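A.B. asks: Just dropping this structure here.
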Amino acid sequence: MFNYQLWKDSFKSTWSFWLIILPFVTLINLLILLLIKVEDQKNLLSVNIIKNLFFTSFGIIIICIFFIIGPNALMTKPIDLGYLSYTLSTRLSRLQIFVNKMIYFIFTITSYVLVNFLLVGLFMIIKNQPSLKDWALQCLGYWLLLMAVGAICFMFSSIFNRSTYTIFFSALIIVLFYTANVTVGLAELTETKELAFLKYLTLFTLFNHNKIETDNVMKFIYQFITLGIISVICYFISAVKFIHKDLPL
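Numbering (the working numbering), first residue to last: 62 to 310.
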């Protein structure tokens, strides 16, 4: 099932992730770990800053930018520009093409989380911090969140044959999720209950790293399961649509 050429083409079409996005976020986290020295026996200020940035602000925004352009580059753009016809003229089936590109996309998300998990985790081990298990669970939840959001964007890229549509709907859903999440946060701070319903319009409310601890698994396990189910459903829909849709070849 693995096809070297498809993976090579996928790397080329998403070079910005490997040369810009992943190195930039990792470098920011590394600088925070090295430059901020305030700490106590239970918490590292640098780790807490990374959690707030990586899980809720710039870390989310940057990877979501990739979700807008990445799936389009992998799935829709080859159709839109017409060079998928060459790939299909080989012995590769649509299923093989889809599976390879889906696994590659999942690999990028996993790399994004794993590299930063290992970086901070190693730092916590060196500093003898007791909350390494919590960090691991938080990264798992973050990975599930990114998998779900990414799967929705990947689904759009498998449904549409035009890059314009894929980018538009991917950007629209991400802006909706992020705006609703920010609004819900502000509503909680101001105790505005009228806006509480917005939490049902975003997946971001299914992940709150502050509530993820090894001693309170039941507080977040159902959110984890929900995110996993959403990912599976979206990838399944993606496969069905890509395999059976008409292609303008």
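A virtual CB, placed ideally from N, CA and C, is assigned to each residue, including glycine. It should be emphasised that the depicted structure is a prediction, and the values quoted were computed from it without experimental measurement.
1. If you draw a straight line from the alpha carbon of S107 to that of V293, how long is it in whole angstroms?
2. When burial is assigned at 16 or more other CB atoms within 10 Å of the CB, is S224 buried or exposed?
3. Could you spell out the range, first to last residue, of the alpha helix (DSSP H) harbouring M208?
4. Below 8 Å on the Cβ atoms is my contact criterion, and I expect V176 with T263 to pass it. Report the Cβ-Cβ distance as a whole number of Å.
5. Within 8 Å, do at least three Cβ pairs link the stretch 271 to 282 to the stretch 186 to 200?
6. With DSSP run on the structure shown, which of helix, strand or coil describes L153?
7. Under a three-way DSSP split, which group does L180 fall into?
8. Let me know if Y296 comes out buried or exposed under the rule of 16 or more other beta-carbons within 10 Å of its beta-carbon.
9. Rounded to a whole number of angstroms, what is the C-alpha to C-alpha distance between L206 and F268?
10. Smallest Cα separation from D70: which of L92, L96, K138?
11. Going by DSSP, what residue range makes up the alpha helix (DSSP H) through L236?
12. Relative to the C-alpha of S154, which residue among P309, I304, L308 is closest?
13. In the structure shown, what three-state DSSP assignment does L312 receive?
14. Have a look at T171 and I298 and give me their C-alpha separation to the nearest angstrom.
15. Does the distance from the CB of L308 to the CB of I158 come in under 7 Å?
16. Expressed to the nearest angstrom, what Euclidean distance is found between the alpha-carbon atoms of L80 and T253?
17. Could you work out which residue in F72, T244, F128 is closest to I234 when comparing CA atoms only?
18. Is the distance from the Cβ of S219 to the Cβ of M136 below 7 Å?
19. Excluding the 5 residues preceding and the 5 following L67 in the sequence, name in chain order all residues of the same chain whose CB lies nearer than 7 Å to its CB.
20. Taking Cβ to Cβ, would you say V174 is nearer than 7 Å to I111?
21. Going straight from the alpha carbon of I213 to that of L247, what length do you get?
22. Assuming G211 and F166 make a contact with CB atoms under 8 Å, what is their CB distance in whole Å?
23. Buried or exposed: A241, going by 16 or more other Cβ atoms within 10 Å of its Cβ?
24. Do I291 and A232 have their C-beta atoms within less than 7 Å of each other?
C.D. replies: According to the structure shown:
1. Walking along the sequence shown from the start, residue 107 turns up at place 46. Walking along the sequence shown from the start, residue 293 turns up at place 232. If I take the Cα positions, the gap works out to 35 Å.
2. The count along the sequence shown starts at 1 and reaches residue 224 at position 163. By the neighbour-count rule (16 or more Cβ atoms within 10 Å), S224 is buried.
3. Start at 1 with the first residue of the sequence shown, and residue 208 comes out as number 147. That run of the alpha helix (DSSP H) goes 193 to 220.
4. In the sequence shown, counting from the first residue as 1, residue 176 sits at position 115. In the sequence shown, counting from the first residue as 1, residue 263 sits at position 202. So it is not a contact: roughly 26 Å between Cβ atoms.
5. Inter-segment contact for the stretch 186 to 200 and the stretch 271 to 282 is present: three or more beta-carbon pairs are separated by less than 8 Å.
6. Your numbering for residue 153 matches position 92 in the sequence shown. In the structure shown, the three-state DSSP call for L153 is coil.
7. Position 119 of the sequence shown holds residue 180. If DSSP states are grouped into helix, strand and coil, L180 belongs with the helices.
8. In the sequence shown, counting from the first residue as 1, residue 296 sits at position 235. So Y296 ends up on the buried side.
9. Within the sequence shown, numbered from 1, the residue matching residue 206 stands at position 145. Within the sequence shown, numbered from 1, the residue matching residue 268 stands at position 207. About 7 Å.
10. In the sequence shown, residue 70 corresponds to position 9, counting from 1. Measuring from the Cα of D70, the nearest candidate turns out to be K138.
11. Within the sequence shown, numbered from 1, the residue matching residue 236 stands at position 175. The sequence shown places Val at residue 236, rather than the Leu named in the question. Its alpha helix (DSSP H) spans residues 224 to 251.
12. Working through the sequence shown from its first residue, we reach residue 154 at position 93. Selected option, being the one with the closest Cα: I304.
13. Nothing in the structure corresponds to residue 312, since the chain is present only between 62 and 310.
14. By one-based count along the sequence shown, residue 171 stands at place 110. By one-based count along the sequence shown, residue 298 stands at place 237. Cα to Cα, T171 sits roughly 21 Å from I298.
15. Within the sequence shown, residue 308 is the residue found at index 247, counting from 1. Within the sequence shown, residue 158 is the residue found at index 97, counting from 1. I158 is positioned such that its CB atom lies no closer than 7 Å to that of L308.
16. As a working mapping, residue 80 is identified with position 19 in the sequence shown. As a working mapping, residue 253 is identified with position 192 in the sequence shown. When the Cα atoms are used, L80 and T253 turn out to be separated by approximately 43 Å.
17. On the sequence shown, position 173 is the one that residue 234 refers to. Closest by alpha carbon: F128.
18. Along the sequence shown, read from residue 1 onward, the residue named residue 219 stands at position 158. Along the sequence shown, read from residue 1 onward, the residue named residue 136 stands at position 75. Contact check for S219 against M136 passes: the beta carbons are separated by less than 7 Å.
19. For the purposes of this step, residue 67 is taken as residue 6 along the sequence shown, with counting starting at 1. Within the same chain, I158, N161, K162 come within 7 Å of L67 by CB-CB distance, once the 5 residues on both sides are set aside.
20. Taking the sequence shown and counting its residues from 1, one reaches residue 174 at position 113. Taking the sequence shown and counting its residues from 1, one reaches residue 111 at position 50. Taking C-beta atoms as the reference points, V174 and I111 fail to come closer than 7 Å.
21. As a working note, residue 213 is residue 152 in the sequence shown. As a working note, residue 247 is residue 186 in the sequence shown. Straight-line spacing of the CA atoms in I213 and L247 works out to 26 Å.
22. Counting from one through the sequence shown, the residue named residue 211 turns up at place 150. Counting from one through the sequence shown, the residue named residue 166 turns up at place 105. G211 to F166, Cβ: 7 Å. Contact.
23. Against the sequence shown, residue 241 aligns to sequence position 180. Residue burial is scored here from C-beta neighbours: A241 has at least 16 other C-beta atoms within 10 angstroms and is therefore classed as buried.
24. Here residue 291 is taken as the residue at index 230 of the sequence shown, counted from 1. Here residue 232 is taken as the residue at index 171 of the sequence shown, counted from 1. Not a contact, by the Cβ cut-off of 7 Å.
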